[in-house]
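S.K.:
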Amino acid sequence: MQTLSDSNTVAVLGGGAAGFFGAIACAEANPRLMVYLIEKTGKLLSKVRISGGGRCNVTHACESPTQLAQHYPRGASS
Numbered sequence: 000m001q002t003l004s005d006s007n008t009v010a011v012l013g014g015g016a017a018g019f020f021g022a023i024a025c026a027e028a029n030p031r032l033m034v035y036l037i038e039k040t041g042k043l044l045s046k047v048r049i050s051g052g053g054r055c056n057v058t059h060a061c062e063s064p065t066q067l068a069q070h071y072p073r074g075a076s077s
């Protein structure tokens, strides 16, 4: 078992969106690293869950309102 003092270990503090994406980027950049994500509360990604009901950050690659609606969890009508 490795400890946090190993030189091939990275600890990311904070279980929010930035912490998760930082830990993912770190692990992808060097797969040999042991990456630990440390959050002091039991509320991992809590702000992400409440921001827009899952509908945030889907507009960056959509060219039309129809295409945009297809990416919303509840956007496309059935």
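This note's numbering puts the first residue of the sequence shown at 0, with every later residue one more than the last. Beta carbons: idealized from backbone N, C-alpha and C, even for Gly. Since the model is a prediction, treat every value here as computed from it, not as a measurement.
Here's a check: name, in chain order, each residue in its chain whose Cβ is nearer than 8 Å to the Cβ of LEU44, leaving out the five neighbours to either side.
M.R.: Here the question's residue 44 lines up with position 45 in the sequence shown. These residues qualify, in order along the chain: GLY14, GLY15, ALA16, PHE19.
S.K.: In this structure, does DSSP put THR65 in helix, strand or coil?
M.R.: Translated into the one-based positions of the sequence shown, residue 65 becomes position 66. It is helical.
S.K.: Identify every residue that forms a DSSP beta bridge with ALA10.
M.R.: Here residue 10 refers to the residue found at position 11 when the sequence shown is read from its first residue. DSSP, once it has assigned bridges, lists TYR35 as partnering ALA10.
S.K.: Can you say whether ALA24 is buried or exposed, counting buried as having 16 or more other CB atoms within 10 angstroms of its CB?
M.R.: For this step, residue 24 is matched to residue 25 along the sequence shown. Exposed: under 16 other Cβ atoms inside 10 Å.
S.K.: Give the DSSP-derived three-state secondary structure of GLY21 in the structure shown.
M.R.: One-based indexing of the sequence shown puts residue 21 at position 22. Note: GLY21 maps to helix in three-state DSSP.
S.K.: Using the Cβ count rule (16 or more neighbours within 10 Å means buried), how would you classify ALA22?
M.R.: As a first step, residue 22 is located in the sequence shown; it is residue number 23 there, counting from the start. Classification of ALA22: buried, given that the 10 Å Cβ count is 16 or more.
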